[in-house]
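The numbering of the sequence shown is the UniProt record's numbering, which starts it at 1 and goes up by one. Backbone N, C-alpha and C define an ideal beta-carbon position, used for all residues, glycine too. Here is the structure we will look at, set down as structure tokens.
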Amino acid sequence: MIDESTDITSSKHLCVVARVFESEKASDAFFDLVRVEDASADGLYKAVVSVFEKAAMPYEEN
């Protein structure tokens, strides 16, 4: 899950939360918080991809 927000100083941040399924139970965990300069759909996509790449996490473009 991701959520973008702008704070009082107009800085934009993207919070990435991982949902993990283990033993038939789901739990959510904070994964990363990144500052974004471009809050457009393309900018947020690039930010999410950079989080995946930084964590060496495979992803597939759809």
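Continuous alpha helix (DSSP H) stretch holding D42: start and end: Per DSSP, D42 is one residue of the alpha helix (DSSP H) stretching across 41-54.
N-terminal and C-terminal residue of the beta strand (DSSP E) that D28 is part of: Per DSSP, D28 belongs to the beta strand (DSSP E) from 25-36.
Whole-angstrom C-beta distance between F31 and V17, which should lie under 8 angstroms: Yes, they are in contact, since the Cβ atoms of V17 and F31 sit about 6 angstroms apart, within 8 angstroms.
Straight-line gap, F21 to T9 (C-alpha atoms, nearest Å): Cα to Cα, the separation comes out at about 36 angstroms.
Distance between S23 and A47 (C-alpha atoms, nearest Å): Rounded to whole angstroms, A47 to S23 spans 31 angstroms at the Cα level.
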